[in-house]
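A.B. asks: The following block contains the structure, expressed as structure tokens.
Chains as they are written, first to last, in the numbering used here: chain A, 6 to 384; chain B, 2 to 292.
Encoded structure:
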């Protein structure tokens, strides 16, 4: 789950990491009022989930309240890399001496959490690590020890140890690690972490992405979950207890298991078909299959449906009964092809064939059939 | 011989008295798995399917000499249950739960490693040595005893592969579901040496998918350390970047890391036989074995 910059910075502030005195606005009049009160040059930042906001024109500077109003008018409601801008974050421009990068994330290959620090902040960290690998320090954590004081010493080669507020930097590092653990972060980063003219450190921008598996114990972060940002089909599926992925094609695919689903759409595309969606139905009973079909066929782009079921825990006959029950509700001339294999396959195939449905036990045959049927209907 | 499990495996089922635990314990026992104990805190002294239930893994080991465990425990309690099993001295722990936060798994993986425990899962259907021992809930009728090792991140694709191998007359030594999560207890590279050492295994099939670099690491390891042939299949060729494809671990990063093409390239370069379709796997196995 991704969060907006202003939401992340609220968490930072709550956990003791300094942030600018900032304000979120949703109208240009609000922007005018806020900037008038500040009376200084301000930064106006579009609140979107896409990266590279600065380069795409999503961050602007205004010297007067009138200027801020005009800019807000221009930004609000416009699209940045395809994402609609609904909120702006505004704060007084800070006087910055130096910018650092600090982030903590998962290194999957080492199965360790890693803190990445760089004295070249404000840039894309992947770019820094490619161009200037010597300006990157990586600290791997033992999960039982967590962050220890000595970890800070590893970054002293990049920072003047005689800085007035060197202890503040250490505290920020420690707090960031605490946030990483407490909020089940996939990644949490401050970029840039600024050293201001007054020698204070401050988080100018923040990013936090939560592990979706931890939703059940992250009630506080779930308040920030923006349902409007989710695809309606994916959301419906999620509410019904499925995992679904919306894609751009015209064939809806229902499969049991994530791997089987992925291999189904791979093969579908190999034979010239394009998936509209992929839904993992797990070991569903007939009622749930009925629900899954209802969700995917609401999609206007879907012109046909393919089932690929490998019976294990899931029973082919049960799934076949669900498919048969949905027949009356399907749009007219809606090609349906089912591939069943595994537990109770014969019974399942018979149930479907009695209703004249295309039912086979070979996946490639099923895929060729759905692709040609959907193409035929499109003519 | 076989990998990790055989006729000498004495299984403890953590969470045995729950709905899933009870149901699958019975099926495992019917298959021939030697379940010696169940564990459910507060239900010690009871019996289920004629198996004694204990309050703790420690008690169960003391009374039954159990040497492996499977957890039918919800995501919320998975971390504690894994740690309990390792702390009690077990060297094989299988956890099937879906949706375990990866921070919990980082902790468990590290603890398992420090105690030489092999942790399988989470988000797996388990492992099976056909005719000897089944720890999990795969449809065992599809499997046949033999000499092909199989490892898979996806559960259903491991059934599919076993089914295809069996139909082609190729039995399996041990089939392991490593699980579809970001941080699996064991990855391909952890388990490959066990297959290499196992005299019963002649070749190993790897069913990988997009996300992470476990397949690349396995390729590198195979090139330098293995004598047995490896056959691989990778799913997720057509997955869009930045989308989690059902498995928490199946995600290509925005910068393209973890995509299927790179994985296949790395595997081919290491001399691994790479199947374009999952149904091609049995023929490639035969080719690799010169049959």
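Just so it is clear, CB atoms sit at the ideal spot from N, CA and C, and this is done for glycine as well.
Please list the terminal residues of the continuous alpha helix (DSSP H) segment that includes residue 181 of chain A.
C.D. replies: 171–187 is the extent of the alpha helix (DSSP H) around residue 181 of chain A.
A.B. asks: Indicate the three-state DSSP secondary structure (helix, strand or coil) for residue 76 of chain A in the structure shown.
C.D. replies: Residue state, collapsed to three classes: helix.
A.B. asks: I want to see whether chain B comes within less than 8 Å of residue 114 of chain A, judged by CB atoms only; does it?
C.D. replies: Interface residue, yes.
A.B. asks: Might you give, ordered along the chain, the residues of its own chain that have their beta carbon closer than 6 Å to the beta carbon of residue 245 of chain B, omitting 5 neighbours on each side?
C.D. replies: Cβ neighbours of residue 245 of chain B beyond the five flanking positions: 252.
A.B. asks: Cutting at 6 Å between CB atoms, please list the residues of its own chain near residue 266 of chain A, excluding the five before and the five after it.
C.D. replies: So the qualifying residues of the chain are 260, 283 and 285.
A.B. asks: One question on the structure: do residue 216 of chain A and residue 104 of chain B come within less than 8 Å of each other, judged by their Cβ atoms?
C.D. replies: Yes, the pair counts as a contact, with Cβ atoms nearer than the cut-off.
A.B. asks: Enumerate in chain order the residues of its own chain whose CB-to-CB distance from residue 12 of chain A is below 7 Å, with the five nearest sequence positions on each side excluded.
C.D. replies: Contacts found: 229.
A.B. asks: Taking Cβ-Cβ distances below 9 Å as the criterion, which residues of the segment 126–153 of chain B are in contact with chain A?
C.D. replies: Going along the segment 126–153 of chain B in chain order, one finds 126, 138, 139, 140, 142, 143 and 153 with a Cβ nearer than 9 Å to chain A.
A.B. asks: How would you label residue 74 of chain A, buried or exposed, when you count the other beta carbons within 10 angstroms and need 16 or more for buried?
C.D. replies: Under this definition residue 74 of chain A is a buried residue.
A.B. asks: Roughly how many angstroms lie between the CA atoms of residue 255 of chain B and residue 131 of chain A, to the nearest whole one?
C.D. replies: If I take the Cα positions, the gap works out to 11 Å.
A.B. asks: Residue 263 of chain A touches chain B at which residues, Cβ-Cβ below 7 Å?
C.D. replies: By Cβ distance, chain B contributes 155, 181, 246, 247, 248 and 251.
A.B. asks: What residues in its chain sit with their C-beta under 8 Å from that of residue 33 of chain B, if we drop five residues either side in the sequence?
C.D. replies: Counting only Cβ-Cβ distances below 8 Å, and skipping sequence neighbours, we find 132, 133, 134 and 135.
A.B. asks: Among A/80, A/384 and A/85, which one has its Cα closest to the Cα of residue 93 of chain A?
C.D. replies: The option with the nearest alpha carbon to residue 93 of chain A is A/80.
A.B. asks: Just the Cα atoms here: how many angstroms apart are residue 251 of chain A and residue 43 of chain A?
C.D. replies: In a straight line, the C-alpha of residue 251 of chain A is about 44 Å away from that of residue 43 of chain A.
A.B. asks: Judging by CA-CA distance, which residue of A/63, A/203 and A/100 is the nearest neighbour of residue 83 of chain A?
C.D. replies: Selected option, being the one with the closest Cα: A/63.
A.B. asks: So what does residue 118 of chain B bridge to, in DSSP terms?
C.D. replies: Residue 118 of chain B pairs with nothing; no bridge assigned.
A.B. asks: Name, please, each residue of chain A whose Cβ falls closer than 7 Å to the Cβ of residue 101 of chain B.
C.D. replies: Simply 218.
A.B. asks: Quick one: residues in its chain with C-beta nearer than 8 Å to the C-beta of residue 238 of chain A, no 5 flanking neighbours on either side, listed in chain order?
C.D. replies: The residues are 249, 251, 282, 300, 301, 303 and 304.
A.B. asks: For residue 90 of chain A, is the classification buried or exposed, using 16 other Cβ atoms within 10 angstroms of its Cβ as the cut-off for buried?
C.D. replies: Result: buried.
A.B. asks: Between residue 158 of chain B and chain A, is any beta-carbon pair separated by less than 8 Å?
C.D. replies: Chain A, which has a Cβ nearer than 8 Å to the Cβ of residue 158 of chain B, makes this yes.
A.B. asks: I want to see whether chain A comes within less than 8 Å of residue 213 of chain B, judged by CB atoms only; does it?
C.D. replies: Taking Cβ atoms only, chain A reaches closer than 8 Å to residue 213 of chain B, which makes this a yes.
A.B. asks: Who pairs with residue 28 of chain A in a beta bridge, going by DSSP?
C.D. replies: Paired residues: A/95.
A.B. asks: Can you find a C-beta in chain A that's less than 8 Å from the C-beta of residue 279 of chain B?
C.D. replies: Answer yes: the Cβ-Cβ gap between residue 279 of chain B and chain A drops below 8 Å somewhere.
A.B. asks: In terms of residue numbering, what span does the beta strand (DSSP E) encompassing residue 12 of chain B cover?
C.D. replies: 12–15 is the span of the beta strand (DSSP E), which, as asked, contains residue 12 of chain B.
A.B. asks: Strictly under 8 Å for the Cβ-Cβ distance: is residue 236 of chain A near chain B by that measure?
C.D. replies: It does not: the Cβ of residue 236 of chain A has no partner Cβ on chain B nearer than 8 Å.
A.B. asks: Residue 203 of chain B to residue 226 of chain B, Cα distance in whole Å?
C.D. replies: The alpha-carbon atoms of residue 203 of chain B and residue 226 of chain B are separated by roughly 15 Å.
A.B. asks: Pairing CB atoms from the segment 169–181 of chain B with CB atoms from the segment 272–280 of chain A, are three or more of them under 8 Å?
C.D. replies: No, because fewer than three Cβ pairs between the segment 169–181 of chain B and the segment 272–280 of chain A fall closer than 8 Å, the two stretches do not touch.
A.B. asks: Beta strand (DSSP E) containing residue 190 of chain B: first to last residue?
C.D. replies: Premise fails: residue 190 of chain B lies in the alpha helix (DSSP H), 189–198, not in any beta strand (DSSP E).
A.B. asks: Of the residues A/269, A/58 and A/372, which one's Cα is nearest the Cα of residue 127 of chain A?
C.D. replies: When each option's Cα is compared against that of residue 127 of chain A, the closest is A/58.
A.B. asks: Would you verify that the beta carbon of residue 239 of chain B is, or is not, closer than 8 Å to some beta carbon of chain A?
C.D. replies: At least one chain A Cβ lies under 8 Å of residue 239 of chain B.
A.B. asks: Using 8 Å for Cβ pairs, my map puts residue 185 of chain B next to residue 160 of chain B. What's the rounded Cβ distance?
C.D. replies: Rounded, the Cβ-Cβ distance is 18 Å, inconsistent with contact.
A.B. asks: Applying the criterion that 16 or more other CB atoms from any shown protein chain within 10 Å of the CB defines a buried residue, is residue 145 of chain A buried or exposed?
C.D. replies: Under this definition residue 145 of chain A is an exposed residue.
A.B. asks: Does residue 275 of chain B come out as helix, strand or coil in the three-state DSSP assignment?
C.D. replies: Looking at residue 275 of chain B - three-state DSSP - the assignment turns out to be strand.
A.B. asks: Confirm, please, whether the CB-CB distance from residue 63 of chain B to residue 35 of chain B is below 8 Å.
C.D. replies: No, the pair does not count as a contact, with Cβ atoms beyond the cut-off.
A.B. asks: Looking at chain B, which residues of the segment 219–253 of chain A have a Cβ within less than 8 Å of any of its Cβ atoms?
C.D. replies: Listed in sequence order: 219, 221, 222, 248, 250 and 252.
A.B. asks: With 8 Å as the limit, tell me which residues of the segment 304–331 of chain A have their beta carbon closer than that to any beta carbon of chain B; keep them in chain order.
C.D. replies: The segment 304–331 of chain A vs chain B, Cβ under 8 Å: 315, 316, 317 and 318.
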